[in-house]
Each structure stands twice: as C-alpha cells, then as structure tokens.
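**Student:** I have a structure here, written as structure tokens, and I will follow up with some questions on it.
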Amino acid sequence: MKEIATPTRTKEIVERYNLKAKKSLGQNFMVDAQLLGKMVDHTGLTERDGVIEVGPGIGALTEQLAKRAKKVIAYEIDQRLLPVLDDTLSSYDNVDIRHEDFLKSDLTQVFKKDFSDVDNVYAAGNLPYYVTTPILMRFLEERLPIETLTVLIQKEVGDRLAAKPSTKAYGSLSIAAQYYAETEVISAVPPQAFMPRPNVDSSIITFRIRKEKAVQVNDEAFFFKCIRASFAQRRKTLRNNLNHWLGDKERVTEALGRSEIDGARRAETLSIQEFGKLADALNS
Ligand code: SAM
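Note that the sequence shown ends on residue 287 in the numbering used here; no numbers are left out.
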C-alpha cells in the first residue's frame with residue numbers, strides 16, 4: 004500500500020472518514036514522505052530505540068518512525084483521529100497511540116516503564132503551530148532524557164530557535180533553546196508539502212540535547228529573567244534595559260564592569276556565555 008504521507012492516500016483517508024482538518028488544533032497533514040524520511044534520518048534513531056511523537060494526525064510521520072524504531076509512543080489530542088490511526092497504522096505493532104494533550108501528559112512512567120526495554124529515546128513531531136513553543140520548552144526545560152528532538156515547525160520560529168548572535172532573529176527564544184541543545188535547521192518545507200496548505204513556510208529543525216548546559220549559572224531563573232529584560236526593548240542599549248528592569252544604576256554599572264561587557268552594546272550581540280557572566284555578576 005502507498006505511504007500515508009502522499010497526496011492520494013491522504014485524500015483517500017480524509018474522504019473515507021469525512022475528516023475536516025481542525026485549524027484550532029493546527030491540523031496540517033504532511034503529504035511528502037521523502038521529507039519525512041529526511042526528518043527521521045536526522046533524529047539518529049535506530050531499531051533499538053524508542054521515540055515519542057507529538058500529534059500523529061492520521062499517521063504520516065508515525066509510519067516513518069515505526070519503520071525505523073523499536074517503539075513509538077504518540078500523543079494525539081483529537082479523539083476523531085483515534086479510529087483513523089487504528090486503521091492506517093494497523094500493520095505496525097510497535098505503535099502505541101495515547102489520546103492525551105501532550106502538555107498535560109505524565110511522562111515519568113513512560114520513561115520508567117514503557118521505554119525500559121529500549122536503548123535511547125528520541126522525540127519528533129510535526130507540531131501544531133498554536134503550541135509549538137510550549138511543546139518544545141516542555142522537552143527542553145523538564146530535561147526529559149531524550150537524545151534529539153526533531154520537529155517540523157513554522158520557519159520563522161525555526162529561524163529564531165537556531166539564530167546566532169548579531170542577527171535579527173536572535174533573541175530570548177534562541178538563547179533558551181541553545182542553553183539546552185545544539186540547534187540545526189535541516190530543511191525548508193514549502194506549504195505544498197501539507198494538506199491543507201498552511202499560509203506560512205515551515206522548517207525541519209533538530210535539537211541535539213546537551214549533556215552539559217551551554218553555560219553554568221548560579222541561578223537559572225534569574226539568568227532567564229536577565230535575558231528577557233535585556234531584550235525588552237531591542238533598540239535600547241543593554242545598560243538602559245537593565246537599568247529599567249532593576250532600577251539600580253550602580254548595581255548595573257558594577258556588574259557590567261565585573262563581567263567586562265560594554266553597556267552600550269545591544270542584547271542581540273551577547274553570546275549565551277556573556278549572558279551567563281552578566282547574570283551571575285548582577286546576582287552576587
Ligand atoms: N503528524 C501529522 C502529520 O505530519 O501529518 C499531523 C501533524 S498536525 C500539524 C498536528 C497534530 O497535533 C494534529 O493531529 C493535532 O490534532 C495534534 N495536536 C494538537 N495539539 C495537541 C496537543 N496539545 N497534544 C497532542 N496532540 C496535539
């Protein structure tokens with residue numbers, strides 16, 4: 004049988020089940036199996052590994068993952084898709100579909116029990132646009148024991164996640180992601196690769212989870228607050244943003260001096276390491 008991620012098979016499935024894609028749930032089904040194959044290649048997944056998928060839809064990516072992995076656990080919020088997935092993935096006995104909101108799911112048991120017989124765990128998903136950042140941040144901030152996270156997301160968000168200092172896209176989201184992982188944009192994905200077509204371009208991006216965070220800081224929560232405050236008004240200098248945030252010019256001047264950072268610079272020119280030094284200096 005043809006792969007699910009093809010225009011003809013997807014159309015046939017959608018018609019058979021009389022499925023109307025729900026925009027509110029970010030439902031755009033992938034119809035380009037080659038791109039999905041490329042995506043799976045970049046996960047690093049082997050037949051001894053497990054994989055978590057967010058939002059299987061009608062099973063396009065799930066099928067590609069099931070061919071490669073020992074076990075796939077996929078979270079789908081839309082009940083209407085359960086009988087569809089039962090049918091489209093019936094020939095794969097290594098797929099476990101959970102009808103749950105991924106953001107509310109308890110993953111402790113999954114790692115402890117369900118993945119106790121796999122070598123490593125990976126994560127992947129063609130993510131619903133309306134919750135892309137919360138889903139990514141759940142994987143990263145909770146420090147779930149995964150090797151890589153490979154996702155298809157809106158291009159603009161992908162650019163921000165992977166942006167380097169002194170570029171327009173670089174900001175607090177880039178730093179948050181790169182603190183936990185090495186990010187790499189793998190491929191551009193045009194609207195024609197989906198059914199229905201979204202209004203925006205997309206990208207496949209891989210996060211290789213760092214064993215050690217990109218920088219060691221004394222207080223992580225303060226470090227992130229400092230970053231957000233530094234970017235509060237992008238066109239203002241670092242010193243101005245910090246003064247506005249803390250209301251204590253002396254403390255700011257002293258911390259800038261101690262961390263050897265010129266307060267006339269803009270936040271977008273600072274590396275993660277420099278933010279680490281600055282936050283520790285402000286907080287000591
Ligand atoms: N993986 C499929 C594909 O590539 O064709 C579908 C991807 S579609 C962009 C996103 C999927 O995520 C939809 O099936 C949607 O119902 C599901 N979804 C949306 N919010 C979710 C959530 N909070 N938890 C789990 N699944 C969710």
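Glycine is no exception: its CB is placed at the ideal position from the N, C-alpha and C atoms.
As the structure is a computational prediction, the values presented were derived from the model and not from experiment.
Mapping DSSP to helix, strand and coil, what is leucine 20?
**Tutor:** Just to set this straight, residue 20 is tyrosine in the shown sequence, not leucine. In this structure, tyrosine 20 counts as coil in the three-state DSSP scheme.
**Student:** For the 8 Å Cβ check, are there 3 or more pairs between the segment 136–151 and the segment 121–128?
**Tutor:** yes
**Student:** Quick one, which of Ile55, Leu64, Phe32, Asp99 has its alpha-carbon nearest lysine 41's?
**Tutor:** Leu64
**Student:** Using the Cβ count rule (16 or more neighbours within 10 Å means buried), how would you classify isoleucine 46?
**Tutor:** One detail in the question is off: residue 46 reads as threonine in this sequence, not isoleucine. Flag for threonine 46 reads buried.
**Student:** Start and end of the alpha helix (DSSP H) containing glutamine 276?
**Tutor:** 275–285
**Student:** With distance defined between alpha-carbon atoms, name the residue in Leu259, Gln181, Gln157, Glu18 nearest to glycine 29.
**Tutor:** Out of Leu259, Gln181, Gln157, Glu18, Gln157 has the C-alpha closest to the C-alpha of glycine 29.
**Student:** Taking 7 Å as the cut-off, is the CB of glutamate 18 close to at least one heavy atom of the ligand SAM?
**Tutor:** Remark: the shortest separation between the CB of glutamate 18 and any heavy atom of the ligand SAM does not fall under 7 Å.
**Student:** Within 7 Å: the Cβ of glutamine 30 and any heavy atom of the ligand SAM?
**Tutor:** yes
**Student:** Have a look at alanine 180 and arginine 163 and give me their C-alpha separation to the nearest angstrom.
**Tutor:** 9 Å
**Student:** Given threonine 135, which residues of its chain have a CB within under 6 Å of its CB, disregarding the five upstream and five downstream residues?
**Tutor:** Ile156, Val160
**Student:** When you measure from the CB of asparagine 129 to every non-hydrogen atom of the ligand SAM, does any distance come out below 7 Å?
**Tutor:** yes
**Student:** Just to confirm the assignment, what range does the alpha helix (DSSP H) spanning lysine 158 have?
**Tutor:** 158–165
**Student:** So, leucine 241 versus glycine 266, is the Cβ gap smaller than 8 Å?
**Tutor:** yes
**Student:** Closest to asparagine 221 by C-alpha separation, out of Thr11, Val57, Glu187, Asp283, would be which residue?
**Tutor:** Asp283
**Student:** Evaluate lysine 171 with the Cβ neighbour count: other Cβ atoms within 10 Å of its Cβ, from every protein chain shown; 16 or more gives buried, anything less gives exposed.
**Tutor:** It counts as exposed.
**Student:** Based on Cα-Cα distance, which residue from Gly60, Phe225, Ser190 lies nearest to phenylalanine 278?
**Tutor:** Checking every option, the nearest Cα to that of phenylalanine 278 belongs to Phe225.
**Student:** Quick check: alanine 77 and tyrosine 95, are their CB atoms within less than 8 Å of each other?
**Tutor:** no
**Student:** Measure the C-alpha to C-alpha separation of leucine 281 and tyrosine 132 and round it to an integer number of angstroms.
**Tutor:** 33 Å
**Student:** Restricting to runs no shorter than 4 residues, where is the alpha helix (DSSP H) found entirely within the segment 179–259?
**Tutor:** 223–233, 241–249
**Student:** Tell me whether leucine 151 sits in a helix, a strand or coil according to DSSP, three-state version.
**Tutor:** Here residue 151 is threonine; the residue named in the question, leucine, does not match the sequence. Threonine 151 falls in the strand class under three-state DSSP.
**Student:** Identify every run of the beta strand (DSSP E) within the segment 45–71, keeping only runs that are complete inside it and at least 3 residues long; order them along the chain.
**Tutor:** 53–57, all fully within the segment 45–71.
**Student:** Identify the continuous beta strand (DSSP E) that holds valine 34 and give its terminal residues.
**Tutor:** That residue, valine 34, is in no beta strand (DSSP E); it is neither H nor E in DSSP.
**Student:** According to the neighbour-count rule (16 or more other Cβ atoms, all chains shown, within 10 Å of its Cβ), is methionine 33 buried or exposed?
**Tutor:** Answer is buried; the Cβ neighbour count reaches 16.
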